[in-house]
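K.L.:
0 is the number of the first residue of the sequence shown in numbering that gives the first Met the number 0; add one for each residue after it.
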Amino acid sequence: MKQRPIGIFDSGVGGLTVAHAIKQILPGESIVYFGDTAHLPYGDKSAEAIAFYSVKITEFLLEHDAKVVLVACNSASSSAFEQLTRDFGSKVILLDVIDPVVQYVSTRGFRRLGVIGTKRTISSGTYESKICQSSPGTTVVSMATPLLVPMIEEGFIFDDISNAILRTYLSGGSLSGIEALILGCTHYPIIKNQISKIFNFNTEIIDSGRIVAMILRDTLEKKQILNDSGSVSDMFFVSDYTEYFEKIARMFFERDINLRKADIWC
Ligand code: DGL
Numbered sequence: 000m001k002q003r004p005i006g007i008f009d010s011g012v013g014g015l016t017v018a019h020a021i022k023q024i025l026p027g028e029s030i031v032y033f034g035d036t037a038h039l040p041y042g043d044k045s046a047e048a049i050a051f052y053s054v055k056i057t058e059f060l061l062e063h064d065a066k067v068v069l070v071a072c073n074s075a076s077s078s079a080f081e082q083l084t085r086d087f088g089s090k091v092i093l094l095d096v097i098d099p100v101v102q103y104v105s106t107r108g109f110r111r112l113g114v115i116g117t118k119r120t121i122s123s124g125t126y127e128s129k130i131c132q133s134s135p136g137t138t139v140v141s142m143a144t145p146l147l148v149p150m151i152e153e154g155f156i157f158d159d160i161s162n163a164i165l166r167t168y169l170s171g172g173s174l175s176g177i178e179a180l181i182l183g184c185t186h187y188p189i190i191k192n193q194i195s196k197i198f199n200f201n202t203e204i205i206d207s208g209r210i211v212a213m214i215l216r217d218t219l220e221k222k223q224i225l226n227d228s229g230s231v232s233d234m235f236f237v238s239d240y241t242e243y244f245e246k247i248a249r250m251f252f253e254r255d256i257n258l259r260k261a262d263i264w265c
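#1: List, from N- to C-terminal side, the beta strand (DSSP E) runs of 3 residues or more that fit wholly inside the segment 42 to 90.
#2: Kindly indicate the opening and closing residues of the beta strand (DSSP E) around threonine 16.
#3: CB glycine 14 to CB glycine 42, shorter than 8 Å?
#4: Taking the alpha-carbon of valine 12 as reference, which of Gly108, Glu152 and Val54 has the nearest alpha-carbon?
#5: Please give me, in chain order, every unbroken run of the alpha helix (DSSP H) with length at least 4 that falls completely inside the segment 111 to 193.
#6: Going by other Cβ atoms of all chains shown within 10 Å of its Cβ, with 16 needed for buried, is glycine 6 buried or exposed?
#7: DSSP puts valine 104 in a beta bridge; with which residues?
#8: If you check the beta carbons only, do glutamate 203 and arginine 110 fall under 8 Å apart?
#9: Within the present structure, is the beta-carbon of serine 74 separated from the nearest heavy atom of the ligand DGL by less than 7 Å?
#10: Counting Cβ pairs, one atom from each stretch, are 3 or more of them under 8 Å apart for the segment 137 to 144 and the segment 112 to 121?
#11: Hey, would you say the C-beta of serine 141 is under 7 Å away from at least one heavy atom of the ligand DGL?
#12: Mind the definition here: the segment 92 to 105 touches the segment 44 to 53 only if three or more C-beta pairs lie below 8 Å; say whether that holds.
#13: Would you say histidine 19 touches the ligand DGL, meaning its beta carbon is less than 7 Å from a heavy atom?
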């Protein structure tokens, strides 16, 4: 059990920001990653489609012997996690990227909090309803920011174009007066500093990677299934391969990786 990998999936390669945080906190763990590049973006899909994809991907990760399946995609966490819990909760440890952040927020006592994410994540209302339950004194303001994923993937970071887009979304308006902003999309950590600058560095920017990695570490410790063998081997799969995906995967994972195509949709 201990040597089995951590299964991680996302709509594409954005979930590699979470995988990167996991490798930093748990360097002794192996990972098996699946990016559903054939179907991205999930942010524009229906909840039903995302749940269908997520079930199939979870089966793939279980075939690869995952001891944990981590949904490293906010759109899938908001729309498919309940279904995954029903279908696989008795077979494998399941984690998402929303509950750990909601738990963290409940320890901070914010009065006004912002959430940004894809259209799917924001329209699901998942962050709002979960935070409302666990932190009743916190007002949550949420905003879909769909231009940010293509902007990041095309490399518009810390330049005039990204500044104009971020200012238009984030300055003033409903997000004014927030004490913290949740980055509700696994792509956004790449522009965390730029977002922080828009808020004059006086608003806490919450990114799920590290928070999720700590919850994962606690879970593995409690269940006594940390990999202490010293043997680590990582695998990265995508459902559609292009050199472009490999290039942007490097930006998200901060090191070269070898993406392999897995035909799970045939
Ligand atoms: N990684 C996805 C998320 O966290 C965003 C990308 C997409 O729309 O597929 O929601």
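Here a beta-carbon is modelled for each residue, glycine too, at the ideal position from N, C-alpha and C.
P.N.:
For this structure:
#1: 67 to 70
#2: Against the sequence shown, residue 16 aligns to sequence position 17. Where threonine 16 is concerned, there is no enclosing beta strand (DSSP E), although the alpha helix (DSSP H) it sits in stretches over 15 to 24.
#3: Indexing the sequence shown from 1 puts residue 14 at position 15. Indexing the sequence shown from 1 puts residue 42 at position 43. No, they are not a contact pair.
#4: For the purposes of this step, residue 12 is taken as the residue at position 13 of the sequence shown. Here the closest residue by C-alpha is Glu152.
#5: 118 to 123, 125 to 133, 147 to 152 and 159 to 169
#6: Here residue 6 refers to the residue found at position 7 of the sequence shown. Answer is buried; the Cβ neighbour count reaches 16.
#7: Your numbering for residue 104 matches position 105 in the sequence shown. None, per the DSSP bridge assignment.
#8: Locating residue 203 in the sequence shown gives position 204, counting from the first residue. Locating residue 110 in the sequence shown gives position 111, counting from the first residue. No, the Cβ-Cβ distance between glutamate 203 and arginine 110 is not below 8 Å.
#9: Start at 1 with the first residue of the sequence shown, and residue 74 comes out as number 75. Result yes, Cβ under 7 Å from the ligand DGL.
#10: yes
#11: Walking along the sequence shown from the start, residue 141 turns up at place 142. Serine 141 Cβ: outside cutoff for every heavy atom of the ligand DGL.
#12: no
#13: Counted from its first residue, the sequence shown places residue 19 at position 20. Incorrect: histidine 19 has no Cβ contact closer than 7 Å to the ligand DGL.
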